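Heads up: the sequence shown begins at 7 in the numbering used here, then just goes up one per residue. Here's the structure we're looking at; comments come further down.
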Amino acid sequence: RAANIEIYEAPYELVKTMRASVLALGPLLARFGQAKVSLPGGCAIGTRPIDLHLKAFEQLGATVSLEAGNVIARAPKGRLVGTETFFEKVSVTGTENVMMAASLARGKTTIHNAAREPEIEDLAELLNKMGANIKGAGTETITIEGVEDLGEADHTIIPDRIETGTFIVAAAITNGELEIKNCHPKHLAAVIEKLRETGVEIEVANETLTVKCGGKKLQSKNVTTEPHPLFPTDMQAQYMALMTQAEGTSTIVETIFENRFMHASELVRMGADIQISGNTATINGKTKLMGAPILASDLRASASLVLAGLAAEGETLIDRVYHIDRGYETIVRKLCGIGADIERITENLTMSAEEIK
């Protein structure tokens, strides 16, 4: 229970595999007036500048320092002070962190150039249920009137739009059919639109998606990753796997993160024809994928390689697939449930656990 938390630290042992460990900083700083959080771990996909977070906390009146791999922040007189903050680059976790911290700050905080992802709206809804006063979530400008305290609340988290998108691609890359229930299609509008352009048939009915491919040849289509509501970077790797099975040449331009094409070389090992130049990947399809031993580098790369393995001839062995567990719940069981021949190898898990110590 959160009410029983008495320390303001998030040590390395707890956060070493978490990219989002920095999100502990805002709540701890707001609640205790100080926080000590180990620097983020998780996916190694380029620069993830937490300086956006730290600058925002300083604007809220905190003193911030980096000491021995930890971020240490302290609020003046134990409480943050409302302010105007502007994100030079749209940041989902930055927006979330400031929203949580400012909920208990003294006065009004305004976030400019805020992220607009559905997860921002969902967090704001929860915080408001707990007693916060947040307006504008889902737009570029969010205002938070600080309150004295927050209480308990009941809340159901929104369905994971990236998991939904991944399963749409699973059906498409195997030329199959799939019904996906309890999803929010409007949260995935840009992905659905792009996949329809490639030839994937997607029917939308309330909170259900029906995916049909019907033996049609997929057509290559270019895509550029952008902040929500445009095509999400977290679907880029899965889309690349799909484009290896599409007719023609496509390009993927990655504008959100550096070094997020590490899955490309593994797809090439399986037979894909992909060239990388800076933040642009060129995929020449359609190529025959063959099962091979490959290595997963991060969460979404893991998903893309699993998808490629479903479409490949022969057996594919993916090492370091533990990354996938941070973004997909029981994915092996779910894939087996819709006809995949996939097995989680215990020895692989043991090795992976040792590697992240």
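Note that beta-carbon positions come from the ideal geometry of N, C-alpha and C, so glycine has one too. Only a predicted model underlies this, so the values are computations on that prediction, with no experimental measurement involved.
Short of 7 Å from the beta carbon of K135, and not among the five residues preceding or following it, lie these beta carbons of its own chain, in chain order: A159 and H161.
Assignment of beta-bridge partners to R112 by DSSP yields V87. Q251 sits in coil when the DSSP states are folded into three classes, being neither helix nor strand. Cβ-Cβ distances below 7 Å link G315 to G297, T322 and I324 in the same chain, with the five nearest sequence neighbours on each side left out; the list follows chain order.
Rounded to whole angstroms, the separation of the alpha carbons of F63 and K223 is 51 Å. In the structure shown, P17 adopts coil according to DSSP, grouped into three states. Linking A178 to G343 through their CA atoms gives a straight-line distance of about 17 Å.
Of the candidates F38, P17, S27 and G32, F38 places its Cα closest to the Cα of A9. For P299, DSSP records a beta bridge to L323. Counted as a single uninterrupted DSSP element, the stretch harbouring R332 is not any alpha helix (DSSP H), since DSSP gives it neither H nor E. Secondary structure at F92: strand, using DSSP grouped into helix, strand and coil.
In summary, K200 is buried, with 16 or more beta-carbon neighbours lying within 10 Å of its beta-carbon over all protein chains present.
Residue pairing from DSSP places L215 in a beta bridge opposite I186 and V210. Looking at the backbone, the Cα of H269 and that of R306 are separated by about 9 Å. Here the alpha carbon of T69 sits roughly 56 Å from the alpha carbon of G320. The beta-carbon distance between N285 and V259, rounded to whole angstroms, is 6 Å. This is short enough to meet the 8 Å contact definition.
At least 8 Å separates the beta-carbon of P82 from that of H193. The beta strand (DSSP E) runs of length 3 or more contained entirely in the segment 124-150 are, from start to end of the chain, 139-141.
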